[in-house]
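Remarks on the structure that follows.
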Amino acid sequence: MMRSLAAALVAAVVSAAPLARAQERGIPPEQIRSGSEFLGADLRALQGDDFANPGMLWVERGEELWRELTGSGARSCAGCHGEAATSMRGVAARYPRIDPESGKLLNLEGRINACRVARQGAAPFGYESENLLSITAYVARQSRGTPLSASIDGEAKRHFDSGRAYYYERRGQMNLSCAHCHEANWGKRLLSETISQGHPNPYPVYRLEWQAMGSLERRLRACLSGIRAEMLPYGAPEYLDLELFLAWRARGLPLEAPGVRR
Amino acid sequence: MKRRHFLAGAAGALLAPALPRAARAQYNSIEPLIRAITGGAPLNQGRVTLELPQLADNGNSVPMRVTVASPMTSADYVKSIHLLSERNPVPRMATFHLGQRTGKAEIRSRVRLAGSQRVTAVAELSDGSFWSGSAQVVVTLSACMDES
Amino acid sequence: MVARVQIPKEAKRGELIELRIVIQHPMETGYRHDEIGRLIKRNVITSLLCNLNGAEVFRAELSPGIAANPYLQFYTVAEASGEFEFSWIDDEGKRGSERQSIVVR
Chain A
148 MMRSLAAALV AAVVSAAPLA RAQERGIPPE QIRSGSEFLG ADLRALQGDD
198 FANPGMLWVE RGEELWRELT GSGARSCAGC HGEAATSMRG VAARYPRIDP
248 ESGKLLNLEG RINACRVARQ GAAPFGYESE NLLSITAYVA RQSRGTPLSA
298 SIDGEAKRHF DSGRAYYYER RGQMNLSCAH CHEANWGKRL LSETISQGHP
348 NPYPVYRLEW QAMGSLERRL RACLSGIRAE MLPYGAPEYL DLELFLAWRA
398 RGLPLEAPGV RR
Chain B
-1 MKRRHFLAGA AGALLAPALP RAARAQYNSI EPLIRAITGG APLNQGRVTL
49 ELPQLADNGN SVPMRVTVAS PMTSADYVKS IHLLSERNPV PRMATFHLGQ
99 RTGKAEIRSR VRLAGSQRVT AVAELSDGSF WSGSAQVVVT LSACMDES
Chain C
15 MVARVQIPKE AKRGELIELR IVIQHPMETG YRHDEIGRLI KRNVITSLLC
65 NLNGAEVFRA ELSPGIAANP YLQFYTVAEA SGEFEFSWID DEGKRGSERQ
115 SIVVR
C-alpha cells in the first residue's frame, strides 16, 4: 500500500512538466507567438500570398460547397447564412465551443457537420475528407485576423480541464508531454527545425510535409506519432478537449487560416 | 606485438569507406541528359540564374526561380529552359517553352527535391546556343516522424 | 480540378504582364507507399499550355519533380485583347482548363 502510494507520488512529481496555475498559461502572455514567426521567409510569404497559398485552393472549393444545394431539403449553407464573408466573420475564432442544443463540445468541423445533419438533412462529411477540409477552410478563412477567444466557462470547463491534463501528461515511447517541446523548449532546434509553441491558430493548414491541407486533429495525430505514442482514432474526445485547451492557451493570437506550415 | 597489430588494423578499418558503395547517396551524372538536350553542342556557363534556397524548409515543395538574361526580341530570345536533377528518381524535372512574345525569360515554380543536391537549368536560345546555371540545395528530413 | 489563375484584366499594348496559375493536383510521384506498404500509382500533370486567342504563349512539360498543387508564374507581352486559355492533362488523362479575358488598349 505504502509502496504504491509512494510510487504514485513519485510518478506525479516526475510527470509534472511546469504546471501552469488554473488561469495562467505556461508561456507568459508577452511571449506568446504564432507559429508563423518560426517559419522561414519563404513560407511566411507563401501564407500571406492570397493567390499562391495552396490552402486557398481548398478555400475556393469550400465556397462552391457553401453554395451547393444538398441533403433531403436541398439546402445550401448560403440559403440560411447568406454571404459567408458577413455571416461567418469572427465565428471560427470562437471554436471549439459547447453546442447549446446538444450540450456537446464541437470544433468547427463538428459544428459544420451538425448543421449538415440537423438542418440540411445531409450526411456528415467524413473526417479529413476533401469536402470537410474545404468547407472548414472556407469558413475559417472568414475569420482571418480575428483573435482566438474560445470560452472555457460552464459546460466547457470540464473539457478544458481534461484537455489541460492531457497536455501535461507524458506519453509514448519517448515519454514526452506536449509541454516538453512546446513550453519548455520552444524556440530551440530539433534537427534543422525550430520548435514552435504549438498553437492552433493557423488551422486548417497546408502542410508541406503532407503536400495537402489538414486539420488540427491530423496535426495532433502527427505529434503523437512523432513521440511514438499510439495515435487515437479521428473523433476521439481527447482531441476535442485538447483543441479547447489549445485555443484557450492561444487566446489573443490572430486566426491565420488557411495557414502554411512545414 | 599482437595488440599493436590489432590496433593498427582497427585504425585501418576506420579509415576505409564507412558504407558500401550501394548504400551511399545516389548522385547521377546529368551529362547524358545535357547531351540529349544540346545534341552535342557546347554548353556555355552563364546567362542563366537559377535561384533556390540554400536550405529547404521541406523537400516536398521548394521555391524556384530561373531567369535567363536575354533581350527576348524576335531576333534573340530564349526558346526553352530545362530543369535537371542529379538526385531525383526522375532527373528531367521540367521543360519550359518560351517564345518571341514572352517578353521576359523568368519562370517561378515550386519543385520537389529528393534530398540535398545540385539542380541545373539549361537554356536553349534562338541562335542555337546553350547556356546553363545551377544551384545547390540542402534538404533535411523532418525532425519528427509523421504517420498521420 | 480546382485551379486559380491571376492575370491583369487590362494592359497597355506592348506592356509586360505576369501570369500566375495554381492547380489543385497531388502530383503523385509514384514512389510513395500507403499505410500498408502498397505503392501509390504515379499521377502528375505532364503538360500545361497557355494560349492567347489560340496562339501559344507558354508551354510546360512537368514531372514528379514539380511540387504538389503546382504553381507556375511566367510572362508575356500584351499584344491584343482576347482570351487566355490554360489547359493541362495528367497521367490519368484527366484534363483541366481555365480561361480569363484581357483588354489590351
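First to last, the protein sequences are chains A, B and C. Each residue of the first sequence is one higher than the last, beginning at 148 in my numbering. Each residue of the second sequence is one higher than the last, beginning at -1 in my numbering. Each residue of the third sequence is one higher than the last, beginning at 15 in my numbering. C-beta: ideal position from N, C-alpha, C; glycine also. Being a predicted model, the structure only gives us computed values, none of them experimental.
Test: residue i CB closer than 8 Å to a CB of chain A
i, result
"B:S107", "no"
"C:Q38", "yes"
"B:S78", "no"
"C:A94", "no"
"C:V16", "yes"
"C:Q114", "no"
Nearest-angstrom Cβ-Cβ length linking residue i and residue j, presumed shorter than 8 Å
i, j, result
"C:Q114", "C:V19", "5 Å"
"C:F72", "C:T90", "7 Å"
"A:V407", "A:N200", "6 Å"
"A:E403", "A:P347", "That pair is no contact at about 10 Å."
"A:S339", "B:T36", "The pair is not a contact, with the Cβ atoms about 36 Å apart (cut-off 8 Å)."
"C:F100", "C:L76", "Rounded, the Cβ-Cβ distance is 13 Å, inconsistent with contact."
Interface partners of residue i on chain B, CB under 9 Å
i, result
"C:Q87", "R63, E104, I105, R106, S107"
"A:S372", "C142, M143, D144, E145, S146"
"A:H378", "The amino acid at residue 378 of chain A is misidentified as His; the sequence shows Met. Neighbours of A:M378 on chain B, chain order: E145, S146."
"C:A74", "A92, T93, F94, H95, I105, S107"
Straight-line gap, residue i to residue j (C-alpha atoms, nearest Å)
i, j, result
"A:A232", "A:Q289", "6 Å"
"B:P87", "C:G79", "9 Å"
"A:P405", "C:V58", "24 Å"
"A:P243", "A:I174", "21 Å"
"B:S72", "A:F185", "46 Å"
"B:T93", "A:G202", "26 Å"
"A:G182", "B:S78", "40 Å"
"B:S193", "A:S298", "Nothing in the structure corresponds to residue 193 of chain B, since chain B is present only between -1 and 146."
"A:S296", "B:G101", "50 Å"
"B:A20", "B:L53", "With a pLDDT of only 40 at B:A20, under the threshold of 50, the placement of this residue in the model should not be trusted; the figure read from the coordinates follows. The alpha-carbon atoms of B:A20 and B:L53 are separated by roughly 26 Å."
"A:M378", "C:E93", "57 Å"
"B:V136", "B:R108", "15 Å"
"A:C262", "B:A141", "39 Å"
"A:D388", "A:L212", "28 Å"
Closer than 8 Å to chain B by CB, residue i
i, result
"A:R365", "yes"
"C:F98", "no"
"C:I54", "no"
"A:A326", "no"
"C:V71", "yes"
"C:S77", "yes"
Interface flag, residue i vs chain C, CB-CB below 8 Å
i, result
"B:T118", "no"
"B:T36", "no"
"A:R208", "yes"
"B:R33", "no"
"B:R19", "The predicted position of B:R19 is uncertain, since its pLDDT is 43 and thus under 50; no value can be drawn from it."
"A:L204", "yes"
"B:N86", "yes"
"B:S83", "yes"
"B:A11", "Here the model assigns B:A11 a pLDDT of 45, short of 50, so the residue's position is not dependable, and the following value carries that caveat. Output row for B:A11: interface = no."
Under 9 Å from the C-beta of residue i: neighbouring residues of chain A
i, result
"B:T138", "L338, S339, E340"
Residue i CB to nearest heavy atom of the ligand SAM below 7 Å
i, result
"B:L96", "With respect to the ligand SAM, the structure shown offers nothing to examine, as it has no ligands at all."
Beta-carbon neighbours of residue i, restricted to chain A and to distances below 8 Å
i, result
"B:D148", "Residue 148 of chain B lies beyond the range of chain B shown here (-1 to 146); nothing can be said about it."
"B:P51", "G187, D189"
Under 8 Å from the C-beta of residue i: neighbouring residues of chain C
i, result
"A:A199", "R34, V36, Y85"
Residues that residue i contacts on chain B, provided the C-beta gap is smaller than 8 Å
i, result
"A:Q358", "N58, S59"
"C:I80", "M91, A92, S107, R108, V109, R110"
"A:A383", "Those within 8 Å of A:A383 in chain B number zero; the least Cβ separation is about 13 Å."
"C:S111", "What C:S111 touches in chain B: nothing, since even the nearest Cβ is about 18 Å away."
Chain-ordered chain B contacts of residue i [CB-CB under 7 Å]
i, result
"C:V91", "R99, G101"
"A:A411", "Outside the shown range of chain A, which is 148 to 409, sits residue 411 of chain A, and nothing can be said about it."
### Task
Count the C-beta pairs between the stretch 35 to 46 of chain B and the stretch 111 to 122 of chain B that are closer than 8 Å, then say yes if the count reaches three, no if not.
The stretch 35 to 46 of chain B makes contact with the stretch 111 to 122 of chain B, as at least three CB pairs between them are under 8 Å.
### Query
Quick check: the stretch 215 to 230 of chain A against the stretch 260 to 268 of chain A, are there 3 or more CB pairs under 8 Å?
Touching, yes.
### Query
Does the stretch 126 to 136 of chain B come within contact of the stretch 54 to 68 of chain C, defined as at least 3 CB pairs closer than 8 Å?
Contact check between the stretch 126 to 136 of chain B and the stretch 54 to 68 of chain C: fewer than three CB pairs, one atom from each, fall below 8 Å, which does not count as touching.
#### Entry: Touching by the beta-carbon criterion (3+ pairs, under 8 Å), the stretch 361 to 378 of chain A and the stretch 315 to 334 of chain A
With the cut-off at 8 Å, the stretch 361 to 378 of chain A and the stretch 315 to 334 of chain A touch.
### Task
Check whether the stretch 244 to 264 of chain A touches the stretch 277 to 288 of chain A, counting contact only when three or more Cβ pairs, one atom from each stretch, lie closer than 8 Å.
Enough Cβ pairs lie closer than 8 Å, so yes.
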